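Numbering (the working numbering), first residue to last: 36 to 315.
Cβ atoms here follow ideal geometry from the backbone N, Cα and C, with glycine treated the same way.
Bear in mind the structure is a predicted one, so any value in this text is a computation, not a measurement.
Let me begin by presenting the structure, written as structure tokens, before commenting on it.
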């Protein structure tokens with residue numbers, strides 16, 4: 036791991052609250068090569084709405100690795116993730132279900148960078164098996180993080196700790212949307228400027244969209260194929276912050292759902308589209 040410059044008191048090498056909460060490990064970070072390798076254990080990760088195994092936490096992993104890689108290209112600016120995309124291979128979920136104790140490793144490298152933005156690609160593997168690819172795009176804005184919060188972890192984690200507890204989300208119902216997850220305000224799922232972490236938001240959208248597909252189709256065996264996430268504005272957490280998912284296409288083998296992350300301020304902060312496939 037090479038030395039990383041600090042910007043306004045922020046050091047990419049410092050373990051973040053989300054990394055501590057999820058047990059994310061940085062295996063390698065080389066700022067000179069704009070490359071980051073991180074890993075995450077997925078044991079016991081289940082969708083709190085459908086109670087089926089979930090790939091949603093991989094969004095947290097991808098955001099972490101991709102953001103580290105693009106951070107190396109920031110110059111004197113501050114990087115902000117603008118979009119995140121994941122393509123899961125068809126056997127990704129069965130591979131992880133066969134050995135739930137496996138780690139997923141994300142190897143991220145910058146493909147392209149300018150003074151204003153950078154695009155990183157990320158390969159996803161479990162053991163020796165490739166399970167998907169992803170991209171993370173960051174835009175570089177003026178300004179810097181002058182201080183970062185270091186909250187105290189209050190969640191007592193055990194092998195039985197649920198994904199809902201890790202993310203601080205709770206299923207609920209809403210007449211205007213079939214599937215809603217409340218995002219509770221928890222400093223351990225915030226980013227350096229005390230808004231909901233981008234990876235957490237992406238994971239929450241995947242959960243809501245997958246649950247919407249399950250409810251609309253009546254099947255719980257659809258597998259996430261692609262997740263496309265756009266970050267529009269900071270996701271402010273509070274008593275009314277939530278993720279809502281709605282199925283927009285229901286098919287016997289392919290279904291699509293859209294999801295939104297709505298902040299405490301009532302504004303749509305993050306959007307996503309999930310395409311899921313049912314094994315034949």
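#1: Alpha carbon to alpha carbon, how far is residue 300 from residue 164?
#2: Is it the case that the Cβ atoms of residue 95 and residue 121 are separated by a distance below 9 Å?
#3: If residue 266 sits next to residue 118, beta carbons under 8 Å apart, how far is it from one beta carbon to the other, in whole angstroms?
#4: Please report the distance separating the alpha-carbon of residue 37 from that of residue 154.
#5: Give the C-beta separation of residue 216 and residue 147 to the nearest angstrom, bearing in mind that I take them to be a contact with Cβ-Cβ under 8 Å.
#6: Suppose you measure from the CA of residue 218 to the CA of residue 128; what does that come to, to the nearest Å?
#7: Starting from residue 96, trace the alpha helix (DSSP H) in both directions and tell me its first and last residue.
#8: Could you pull the DSSP bridge partners for residue 207 from this structure?
#9: For residue 39, which three-state DSSP category applies?
#10: In its own chain, which residues sit with a C-beta less than 7 Å from the C-beta of residue 201, not counting the 5 before and 5 after it?
#11: Can you tell me which residues form a DSSP beta bridge with residue 177?
#12: Take residue 280 as the anchor and find which of 250, 79, 288 has the nearest alpha-carbon.
#13: For the stretch 166-177 and the stretch 61-73, state whether three or more C-beta atom pairs, one from each stretch, are separated by less than 8 Å.
#14: Closer than 7 Å by C-beta to residue 93: which residues in its own chain qualify, once you throw out the five before and the five after it? Chain order, please.
#15: Taking residue 307 as the reference, which of 252, 245, 286, 315 has the closest Cα?
#16: Going by DSSP, name the residue or residues bridged to residue 278.
#17: Can you tell me whether DSSP reads residue 109 as helix, strand or coil?
Let's see:
#1: As a working mapping, residue 300 is identified with position 265 in the chain shown. As a working mapping, residue 164 is identified with position 129 in the chain shown. Just so you know, the alpha carbons of residue 300 and residue 164 end up roughly 42 Å apart.
#2: On the chain shown, position 60 is the one that residue 95 refers to. On the chain shown, position 86 is the one that residue 121 refers to. The Cβ atoms of residue 95 and residue 121 do not sit closer than 9 Å to each other.
#3: The count along the chain shown starts at 1 and reaches residue 266 at position 231. The count along the chain shown starts at 1 and reaches residue 118 at position 83. The distance from the Cβ of residue 266 to that of residue 118 is about 7 Å, consistent with a contact at the 8 Å cut-off.
#4: Taking the chain shown and counting its residues from 1, the one referred to as residue 37 is at position 2. Taking the chain shown and counting its residues from 1, the one referred to as residue 154 is at position 119. Because residue 37 sits at a pLDDT of 32, beneath the cut-off of 50, its placement in the model cannot be relied upon, and the following sentence gives the value as read from the coordinates. Each residue's Cα considered, the two are about 21 Å apart.
#5: Taking the first residue of the chain shown as 1, we reach residue 216 at position 181. Taking the first residue of the chain shown as 1, we reach residue 147 at position 112. Contact between residue 216 and residue 147 does not hold, since their C-beta atoms are separated by about 34 Å, which reaches or exceeds 8 Å.
#6: Counting from 1 along the chain shown, the entry for residue 218 is found at position 183. Counting from 1 along the chain shown, the entry for residue 128 is found at position 93. Distance between the alpha carbons of residue 218 and residue 128 is about 25 Å.
#7: The residue labelled residue 96 in the question sits at position 61 within the chain shown. Residues 92-106.
#8: Taking the chain shown and counting its residues from 1, the one referred to as residue 207 is at position 172. The partner list for residue 207 (beta bridge, DSSP) reads 215.
#9: As a working note, residue 39 is residue 4 in the chain shown. Annotation note: pLDDT 39 at residue 39 (below 50); position unreliable, coordinate value reported separately. Reduced to three states, the DSSP call for residue 39 is coil.
#10: Numbered from 1 along the chain shown, position 166 holds the residue referred to as residue 201. Closer than 7 Å at Cβ, skipping near neighbours: 56, 57.
#11: Numbered from its first residue, the chain shown carries residue 177 at position 142. As far as DSSP is concerned, residue 177 takes part in no beta bridge.
#12: For the purposes of this step, residue 280 is taken as the residue at position 245 of the chain shown. The option with the nearest alpha carbon to residue 280 is 250.
#13: With a cut-off of 8 Å, the stretch 61-73 and the stretch 166-177 do not count as touching, because too few Cβ pairs lie within range.
#14: Counted from its first residue, the chain shown places residue 93 at position 58. By the criterion of a C-beta distance shorter than 7 Å, residue 93 is surrounded in its chain by 121, 139, 159, once the five residues flanking it on both sides are discounted.
#15: For the purposes of this step, residue 307 is taken as residue 272 along the chain shown, with counting starting at 1. Nearest option by C-alpha distance: 245.
#16: Position 243 of the chain shown, counting from 1, holds the residue named residue 278. When beta bridges are read from the DSSP output, residue 278 appears opposite 216, 296.
#17: For this step, residue 109 is matched to residue 74 along the chain shown. Reduced to three states, the DSSP call for residue 109 is coil.
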